Amino acid sequence: MRKYILERLIYTVILLFLVSILIFVMVRMLPGDPVSFAAMANSDLADKTIMAELRARYGLDKPIYTQYVIWLKDFIRGEWGKSIGSGEPVMTMFLDRLPVTIELFLGATFWSFLIGFPVGIFGALRRNTPLDAFLTTTSIIGVSIPAFWEGIVFIYLFAVIFQIFPPSGYVAFFESPWENILSVFMPTFIMGTGSAGLLARYVRSSFLEVLNQDFIRTARAKGVKGPGVIRKHALKPAMLPVVTVIGLSWAQLVSGAFIVEFMFAIPGLGRMGIDAVFARDFPVLQVVLVIVALNVLLMNLFVDLLYGYLDPRVRVQR
Amino acid sequence: MSEKIDEPIEPRRISRIGAKAIIRGVFKHKLSRAGIVIIFLLTFMAVFAPFLAPYNPNTQDLYQVLTGPSAAHWLGTDNVGRDLLSRIIYGSRVSMAVGILSTFFSAFVGVVIGLLAGYKGGIVDMILMRIVDTFMCIPWLPFVLVLAAALGPGLKNIVIALSFLGWTGFCRIMRGQVLMVRELPYVEAAKAAGASGFRIMFKHLFPNCLAPIIVAVTITLGAFIMVESAMAFFGLGVQPPTASWGKELRTGYAYLETVPFFSIAPGIMITLAVLAFNFLGDGLRDSLDPRLRGEGKKIK
């Protein structure tokens with residue numbers, strides 16, 4: 000097991016390194032450099048010598064691989080630079096926004112579990128009944144609805160017609176817990192439905208597979224009643240493939256967070272990233288993208304390790 | 000990681016399952032039947048848009064702004080008085096074009112690289128798969144936004160951005176299939192008979208690995224239509240005045256309280272399109288997978 004963990008760790012670090020190169024190159028492909036963008040916004044900067052000086056200060060005049068090495072060193076040391084737009088340290092911006100996005104992720108995971116598991120389990124237990132067909136259709140719909148449209152419909156229904164939730168905005172938990180919950184209710188639900196649909200489908204197929212196994216028949220034969228079979232015998236092995244789906248939908252949640260934070264004007268990392276795309280704010284954009292990829296990588300690592308722990312075959316295979 | 004997820008479909012030549020059996024299976028599947036009907040209607044709409052649209056989608060009538068549904072304009076007009084129904088009909092062209100083109104390019108690149116990685120194995124496989132892994136751990140939306148911003152607006156650039164990130168899924172599936180198929184006796188026989196690597200890859204491996212690719216193509220088509228509208232929603236879609244569903248939805252979003260239909264109608268179209276392809280993909284998966292058709296023995 001130790002060897003397996005070590006392997007996975009090294010692998011994750013290598014991937015992170017590769018991803019950071021990819022991100023760096025992609026961000027640098029953006030047309031128009033940030034200094035001229037800043038100069039357009041602030042005429043004090045629109046001077047050739049000042050612009051050249053700024054480029055030199057941010058290292059934008061050096062060749063791209065030198066820029067990458069400098070950036071990587073600084074990133075590892077925790078010197079993430081300053082936003083070209085606002086001058087705020089990127090690290091501070093990041094730490095301000097991180098809790099907001101974490102709250103959204105937790106909320107979305109909550110919804111996706113709350114909906115996904117029961118839908119999947121009921122579908123499997125009532126296989127090939129109208130209920131199953133209904134639940135399967137519902138989960139495909141859940142996966143297919145674009146988050147931004149779902150958002151619009153929800154805002155129209157629950158903020159414009161029935162004024163239950165605020166149409167946008169975010170209230171910090173410590174300011175007012177109740178308003179905080181109201182303000183994240185719709186966004187997290189919208190983020191959660193997509194992964195709930197995915198989860199339901201995998202829970203269903205995984206349960207069906209397990210319910211066909213001999214040991215379930217044995218359990219039934221020796222007189223274990225319906226719910227007991229599910230709880231005691233089927234649940235654990237059925238969870239195995241589901242673990243990977245949770246990892247997979249994590250990446251989906253990132254995209255969801257971008258959309259939802261944009262729509263509902265929530266000051267999280269997604270919003271920060273989108274603003275940075277449009278402002279060509281390289282330092283901010285790079286950090287957001289690396290964090291996003293790191294987030295997915297860590298989740299994948301966690302899933303791999305959990306998988307190795309739950310299923311000994313995976314460990315031995317390597 | 001997703002190798003465990005994409006459950007392998009038993010490698011069999013499509014022709015051996017029988018095209019007829021697949022089509023029969025797809026039509027027997029209620030959801031995919033609905034999907035086919037919707038896809039057919041959308042394609043019809045995209046192809047014959049000039050004949051179906053009651054107005055020119057780009058003609059502005061500033062006396063008729065944001066009217067809401069009426070007899071003259073069934074879905075109402077937009078903020079500069081263009082007929083919404085006509086714009087939605089024309090918008091199907093962008094969605095279908097982006098979906099089909101980017102899926103085609105992604106699948107093409109992914110299949111070729113997947114074939115190569117799976118067949119060659121060794122160091123080639125390792126390098127190619129690390130590249131795929133790198134791409135796989137980046138969530139699509141933020142990256143597609145950056146790419147689209149880098150390349151600038153326009154249909155061509157959207158297709159490039161989507162294909163750049165989309166090929167990896169196909170590559171993974173293809174490689175996984177090749178790894179199974181290449182151990183089969185007929186591949187060995189072809190090798191023994193002196194067939195070239197190229198011939199083995201494209202003549203023997205490719206057709207036998209196609210089943211899951213077909214399913215992936217359908218689902219990717221739907222996904223790309225959704226991503227295209229998301230990009231348009233963020234303001235990185237096709238250039239104005241070209242109509243696209245995502246753009247209508249974004250403009251309509253600003254008028255949600257007064258004319259809700261302006262943003263809800265294009266959203267229904269996007270959802271229908273994505274749903275149709277997912278339904279069809281579901282039906283295809285069921286009819287291509289012998290386990291789910293109730294014939295053939297269980298494979299592990």
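Going down the list, the protein sequences come from chains A and B. Under numbering that gives the first Met the number 0, the first residue of the first sequence is numbered 0, with each subsequent residue one higher. Under numbering that gives the first Met the number 0, the first residue of the second sequence is numbered 0, with each subsequent residue one higher. Don't be surprised by glycine CBs; every beta carbon is placed ideally from N, CA and C. Keep in mind the model is a prediction, meaning the values are calculated, not measured.
Residues of chain A with CB closer than 7 Å to the CB of E256(B), please, in chain order. Counted from its first residue, the second sequence places residue 256(B) at position 257. Going along chain A in sequence order, the residues near E256(B) (Cβ under 7 Å) are V159.
Give, in chain order, every residue of the segment 59-89 of chain A whose Cβ lies closer than 7 Å to some Cβ of chain B. none
Using the DSSP secondary-structure output, state which residues sit across from P88(A) in a beta bridge. By 1-based counting over the first sequence, the position of residue 88(A) is 89. Paired residues: K81(A).
Are the CB atoms of M238(A) and L309(A) within a distance shorter than 9 Å? If you number the first sequence from 1, residue 309(A) lands on position 310. If you number the first sequence from 1, residue 238(A) lands on position 239. Cβ atoms of L309(A) and M238(A): closer than 9 Å.
With a cut-off of 9 Å, does the C-beta of V26(A) fall near any C-beta of chain B? For the purposes of this step, residue 26(A) is identified with residue 27 of the first sequence, where counting begins at 1. Yes, V26(A) counts as interfacial toward chain B.
Using a Cβ-Cβ cut-off of 9 Å, state whether I154(A) counts as contacting chain B. Residue mapping note: residue 154(A) aligns to position 155 of the first sequence, counting from 1. Interface residue, yes.
Boundaries of the alpha helix (DSSP H) in which D274(A) is found, first to last residue: On the first sequence, position 275 is the one that residue 274(A) refers to. Where D274(A) is concerned, the enclosing alpha helix (DSSP H) stretches over 268-278.
Specify, as a first and last residue, the run of the alpha helix (DSSP H) that K61(A) falls within. Within the first sequence, the letter at position 62 stands for residue 61(A). Neither: K61(A) is in no alpha helix (DSSP H) and is coded neither H nor E.
Quick one: any contact between the segment 179-191 of chain B and the segment 59-74 of chain A, if contact means 3 or more CB pairs under 8 Å? no
Could you tell me which chain B residues have their CB closer than 9 Å to the CB of L103(A), listed as they occur along the chain? Looking up residue 103(A) in the first sequence gives position 104. Simply none; closest approach about 14 Å.
L161(B) burial status per 10 Å Cβ neighbour count (16 or more: buried): The residue labelled residue 161(B) in the question sits at position 162 within the second sequence. So L161(B) ends up on the buried side.
Identify whether D82(B) lies in helix, strand or coil by the three-state DSSP scheme. For this step, residue 82(B) is matched to residue 83 along the second sequence. Reduced to three states, the DSSP call for D82(B) is strand.
Count Cβ pairs between the segment 123-140 of chain B and the segment 0-20 of chain A that sit closer than 8 Å; are there 3 or more? yes
In three-state terms, what does DSSP make of M0(B)? If you number the second sequence from 1, residue 0(B) lands on position 1. In this prediction, M0(B) has a pLDDT of 34, which is less than 50 and means its spatial position is unreliable; nothing more can be read from the coordinates.
Cβ neighbours of P166(A) in the same chain (closer than 6 Å, five flanking residues each side left out): Stepping through the first sequence from its first residue, residue 166(A) is reached at position 167. Counting only Cβ-Cβ distances below 6 Å, and skipping sequence neighbours, we find I154, A158.
Mind listing the chain B neighbours of N127(A)? Cutoff is C-beta to C-beta under 9 Å, in chain order. Position 128 of the first sequence holds residue 127(A). Simply none; closest approach about 11 Å.
For R317(A), decide whether its Cβ has a neighbour in chain B, counting only Cβ atoms nearer than 9 Å. Stepping through the first sequence from its first residue, residue 317(A) is reached at position 318. For R317(A), the predicted structure reports a pLDDT of 45, less than 50, and the residue's modelled location is therefore unreliable. A value from the coordinates is still provided. Cβ-Cβ to chain B under 9 Å: no for R317(A).
Proximity test, Cβ basis, 9 Å: C170(B) and chain A: Here the question's residue 170(B) lines up with position 171 in the second sequence. With 9 Å as the cut-off, C170(B) does not count as an interface residue toward chain A.
Along chain B, which residues have their Cβ under 7 Å away from the Cβ of G272(A)? What you label residue 272(A) is simply residue 273 of the first sequence in a count that begins at 1. In chain order: P141.
Let me see if you follow: with CB-CB separation under 9 Å, is W110(A) close to chain B or not? Taking the first sequence and counting its residues from 1, one reaches residue 110(A) at position 111. No, W110(A) lies away from the interface with chain B (no Cβ there is under 9 Å from its Cβ).
Buried or exposed for G90(B), going by 16 or more other Cβ atoms inside 10 Å? Position 91 of the second sequence holds residue 90(B). G90(B) is buried by the Cβ-count criterion.
Using the C-alpha atoms, what's the distance from V283(A) back to G86(A)? What you label residue 86(A) is simply residue 87 of the first sequence in a count that begins at 1. What you label residue 283(A) is simply residue 284 of the first sequence in a count that begins at 1. Going by the C-alpha atoms only, they are around 11 Å apart.
For G113(B) and V177(B), I'd like the C-alpha separation in whole angstroms. As a working mapping, residue 113(B) is identified with position 114 in the second sequence. As a working mapping, residue 177(B) is identified with position 178 in the second sequence. Going from the Cα of G113(B) to the Cα of V177(B) covers about 8 Å.
Please report the distance separating the alpha-carbon of R303(B) from that of A96(B). Residue 303(B) is absent from the model: chain B starts at 0 and stops at 299.
Do Y201(A) and P176(A) have their beta-carbon atoms positioned less than 9 Å apart in this structure? Within the first sequence, numbered from 1, the residue matching residue 176(A) stands at position 177. Within the first sequence, numbered from 1, the residue matching residue 201(A) stands at position 202. Not closer than 9 Å, so no.
Helix, strand or coil for T250(B), going by three-state DSSP, please let me know. Within the second sequence, the letter at position 251 stands for residue 250(B). In the structure shown, T250(B) sits in a helix (DSSP, three-state: H, G or I).
Residues that DSSP places opposite T76(B) in a beta bridge: Here residue 76(B) is taken as the residue at index 77 of the second sequence, counted from 1. The partner list for T76(B) (beta bridge, DSSP) reads D82(B).
Residues near V302(A) by beta carbon distance below 8 Å, same chain, minus five either side: One-based indexing of the first sequence puts residue 302(A) at position 303. V242, T243, I245, G246, listed in sequence order.
Which of the three DSSP states, helix, strand or coil, is assigned to P184(B)? As a working mapping, residue 184(B) is identified with position 185 in the second sequence. Helix.
Please classify T128(A) as buried or exposed, where buried requires at least 16 neighbouring CB atoms within 10 angstroms. Taking the first sequence and counting its residues from 1, one reaches residue 128(A) at position 129. T128(A) should be labelled exposed.
Near-chain A residues of the segment 109-131 of chain B - C-beta to any C-beta below 9 Å: R129, I130
Looking only at its chain, what residues have a beta carbon closer than 6 Å to the beta carbon of I137(B), apart from the 5 residues adjacent to it on each side? Walking along the second sequence from the start, residue 137(B) turns up at place 138. No residues qualify anywhere along the chain.
Three-state secondary structure assigned by DSSP to L304(A): Your numbering for residue 304(A) matches position 305 in the first sequence. If DSSP states are grouped into helix, strand and coil, L304(A) belongs with the helices.
Any Cβ of chain A within less than 9 Å of the Cβ of Y62(B)? Counting from one through the second sequence, the residue named residue 62(B) turns up at place 63. For Y62(B), the answer is no, since every Cβ of chain A falls outside 9 Å of its Cβ.
Could you tell me the boundaries of the alpha helix (DSSP H) in which D285(B) lies? Within the second sequence, residue 285(B) is the residue found at index 286, counting from 1. Here the alpha helix (DSSP H) through D285(B) covers 260-287.
Note the first and the last residue of the continuous alpha helix (DSSP H) segment covering P144(A). By one-based count along the first sequence, residue 144(A) stands at place 145. Rather than Pro, the amino acid found at residue 144(A) in this sequence is Ile. That residue, I144(A), is in no alpha helix (DSSP H); it is neither H nor E in DSSP.
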